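Yeah, the sequence shown ends on 1375 if you go by this note's numbering, and it's all consecutive.
The beta-carbon is built from N, C-alpha and C at its ideal position, and this holds for glycine as well.
Bear in mind the structure is a predicted one, so any value in this text is a computation, not a measurement.
Structure, as structure tokens:
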Amino acid sequence: MNQQHLPVSSPPLLGSLGQRLRLQRLHRGISQEALAEALNVSARSIRRWEQDQSTPQAVARERLCHFFGLDSWSLLGAVSVEEAAPVTSSLWQVPLPRNPFFTGRQELLRTLHEKLRREHSMALTQSWAISGLGGIGKTQIALEYAYQYRYDYTAIFWVSAATQDTLLTGLLALGERLKVLEKDERDHQRAILMVKQWLAAHQDWLLILDNADDVSIARDVLPPEHAGHVLLTTRAQALGSVAQRIEVETMGMAEGALFLLHRARLLALEASLDHVLPDQRAAAEAIVTEMDFLPLALDQAGAYIDEVGCSLLVYLELYRAHRVELLRRRGHVPGDHPESVFTTWSLNFQRIEQANAAAGELLRLCAFLDPDAIAEELLSEGSAALGPLLCHTAADALALNEAIKELRTFSLVQRDPEARVLRIHRLVQAVLRDAMGGEERRRWAERAVRATSMVFPENAEIANRLRCQRYLPHAQACSVLIQEHAFVFAEAAWLLQRTANYLYEVALYKQAEPLYQQALHIWEQTLGPEHPDAVCSLNGLATLYRIQGKYARAEALFQQAIRLREQALGSEHPDVAHPLRELGVLYLQQGKYEQAEVLYQRVLSIREQALGSEHPDVAHPLNNLAILYDKQGKYEQAEVLYQRVLRLREQALGPEHPDVAQALNNLAILYNKQEKYEQAEALYQRALSIWEQAVGPEHPNVAHPLNNLGDLYRVQERYEQAEPLLQRALHIWEQALGSEHPNVAHPLNNLGDIYRAQEKYE
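Right under this line is the structure:
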């Protein structure tokens, strides 16, 4: 665990630096391992310092002084710059200075160090690679590793492996530095051989091969057996036997905000987020979110803010208005990464296009879908909508694998083989879209919409729920595309309608409403308001309003739907029954029983004539009539109908279907009113179990048996059992429907009755 300096008197300063450090440590009773952990260095570094084999660097010296509570002169004496050289100058070949803005990543650095050290202790020669998207910070992590753990090595070498030429040039320079090659040696094969021999003959060295995107060229320069550490940075994800891989993720929110503030020079390097005002921190976090936590993008943002002297909020506004220009702009002090985000990825895109044109098209498609879980079957099953080139690739599993492999070469997508999904960074999507012309953007947006429409289930029945959930993020992304590009083709409207139906079924009413409205707008524009598809959207929107308690709006839309269907199909057509039944439910909820009964009887007559008296769809109007009779106190008539509904649904749907739960709940309400409490309780519990299993414990339908069972326990004065059920029903309805919905009054009133009975008046 981290140690803090202890408030004890210090011994007098004498001897060498190593002796003084050892004396301070022993005086406080701290082990070398504990001091190493507190300073975030290795125990070996502590041993080398105390034995005067090396001298702490500036960062370590500051930490030592802070830890022991002493000033630099008192603890360290006259430590010169030369004394603090990382390793002997001939064996330190790292061309980049330490990045003063490097932030976080400590867990990754420790993990990397542990893995390399474990391989070394087990006499293994496996290399390790830091892998990830361009701009994710791979080179900076390798650089920080070299500086942070420099005392663990007798030699550290840095070679660019971006191309075979840069690798060979770097090996020639390394051979000269190691004095195994003559100056101006140009024999590449000899250079490789001599450097490999040196590496094989020495130990405790670190070789960093930077930008080794083609890992095959790195394989030839490594000795088969050695006693050092090899670290690669690469965009590639498939490394074969060359190296094991550590995937670099984007920054966390706090890490990203701190890095941005340091890079923009709005916060001193030694200061933490605790020193940042809330408004400034919120602005920094907003920029981090806009950059989707990508270090290179945050570095560009910080450099721009530093150079022009603007505030975080001003930059945020500028970025939202001029994203392309700012992503292209690298600034005047680029450091180790001279290319901007836009340029870095644009070069990758070009190389992908040259290697596999279909992979380039797949990447463009991914730019218009939700980035976090692109289902592979969306590509294969929606392939017919993807254009002449990509359609063949997407429909062919082998060809699709080759295209994905090409994208993974640059870490532009990540693939989860278990979930069968692809992931893409949001800024990659943004750069891809911004690089397209208007017509090309519209073409790929349309393909994304059509493909998603092909795979999204036609209905939201229980059997389709998982597929609906899997495609929902893409359907929602497509709804934005439909609006942005003013698409009015049928597949767009179908996708909106189906998505809205699913959102309605899972009680996400606020999300469903705009989709119903969009679908209705498209149908009315293309087919006219009287078309059956337009009426479906109209009826769905009306039902949504009824559920939300917006009764006047719902009634007007239901009446409009009935009128349009009667005009188009005739008054006895089965499709007229649906809006009739929904209007009847609305009247029932408003206590307009006579109007409701007329509509229910008419729906029952239409359904029985069209389908027969034993068809499961006949159960709907029967159930509505039973509820009506129940509310009117006609219990015998209601019970007969409830029993018939239950029988029809169990026969057609099985005993565990949600519609069976509804029938059980309604029959239980009737028994409760008749004081048949045991029968009612058993039915409520069964209904509750079915609904929880079918739609989840937070669905609004689950609140019905919860409230009803709680009410039954209240009547029986079983208050301890009643209260948690009623509280849960109240929470579910408030979350799903809002605190002003009429349903919320039921558990509230029941809870009020319980608290009055218990004399809990506050």
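- In terms of Cβ geometry, Ala1132 and Ala1155 do not form a close pair [threshold 8 Å].
- Ser1226 sits in coil when the DSSP states are folded into three classes, being neither helix nor strand.
- Per the DSSP secondary-structure output, Thr847 pairs in a beta bridge with Ser744.
- With contacts defined as CB atoms closer than 8 Å, Ala870 and Glu903 fail to qualify as a contacting pair.
- Closest option to Gly853, judged by alpha-carbon separation, among Ala1190, Thr956, Ser740: Ser740.
- Exposure of Met866 is indicated by the presence of fewer than 16 other C-beta atoms within 10 angstroms of its C-beta.
- Burial is judged here by how many other beta carbons sit within 10 angstroms of a residue's own beta carbon; Leu1002 has fewer than 16 and is exposed.
- Taken in chain order, the unbroken stretches of alpha helix (DSSP H) that lie wholly in the stretch 787-869 and span 4 residues or more are 801-814, 829-832.
- If you compare the alpha carbons of Val1315, Pro1145, Gln670 with that of Val654, the shortest gap goes to Gln670.
- When DSSP states are grouped into helix, strand and coil, Ser773 belongs to the strand group.
- Along the stretch 1268-1353, the alpha helix (DSSP H) occurs as fully enclosed runs of 4 or more residues at 1271-1286, 1290-1308, 1313-1328, 1332-1350, listed in sequence order.
- In the three-state reduction of the DSSP assignment, Leu1035 falls in the strand class.
- The C-alpha of Tyr1326 lies about 12 Å from the C-alpha of Ala1295.
- The C-beta distance from Leu991 to Thr1065 rounds to 7 Å, short enough to fall under 8 Å.
- In this model, Arg1299 and Asp1029 are separated by some 39 Å (Cα to Cα).
- Under the three-pair Cβ rule at 8 Å, the stretch 819-836 counts as touching the stretch 760-775.
- Excluding its 5 nearest sequence neighbours in each direction, Met807 has C-beta neighbours in its own chain below 7 Å: Gly788, Val793, Leu794, listed in chain order.
- Nearest to Gln1287 by alpha-carbon distance, out of Val1258, His1317, Gly1246, Gly1267, is Gly1246.
- Inter-segment contact for the stretch 1162-1173 and the stretch 1184-1191 is absent: fewer than three beta-carbon pairs are separated by less than 8 Å.
- Residue environment analysis places Ala895 among the exposed positions, since fewer than 16 neighbouring C-beta atoms fall within 10 angstroms of its C-beta.
- Scanning its chain for C-beta atoms nearer than 7 Å, with the 5 sequence neighbours on each side dropped, one finds around Arg1021 the residues Gln850, Ala851, Arg1028, in chain order.
- Listed as beta-bridge partners of Asp1029 by DSSP are Val1034.
- The beta carbons of Tyr1129 and Leu1108 sit about 12 Å from each other, so the pair does not count as a contact at 8 Å.
- In this structure Gly642 is exposed. Its beta-carbon is surrounded by fewer than 16 other beta-carbon atoms within 10 angstroms.
- In this structure, the alpha-carbon of Thr668 lies about 11 Å from that of Arg660.
- Look at Ile1135 here: in three-state DSSP terms it is helix.
- Look at Ile987 here: in three-state DSSP terms it is strand.
- Nearest in C-alpha terms to Tyr1200, of all of Pro1192, Ala1209, Gln1264, Val1068, is Ala1209.
- Look at Gln706 here: in three-state DSSP terms it is strand.
- With respect to the 8 Å criterion, Arg1220 and Val1231 are classified as neighbours on the basis of their beta carbons.
- Secondary-structure assignment with DSSP links Ala768 through a beta bridge to Trp818.
- Straight-line measurement puts the Cα of Cys1091 at about 13 Å from the Cα of Arg1054.
- DSSP places Leu634 in the helix class (H, G or I) of the three-state scheme.
- Straight-line measurement puts the Cα of Gln777 at about 6 Å from the Cα of Ile830.
- Taken atom to atom, the span from the alpha-carbon of Gly1309 to that of Ser1302 is near 10 Å.
- A straight line joining the alpha-carbon of Leu1235 with that of His1270 spans about 18 Å.
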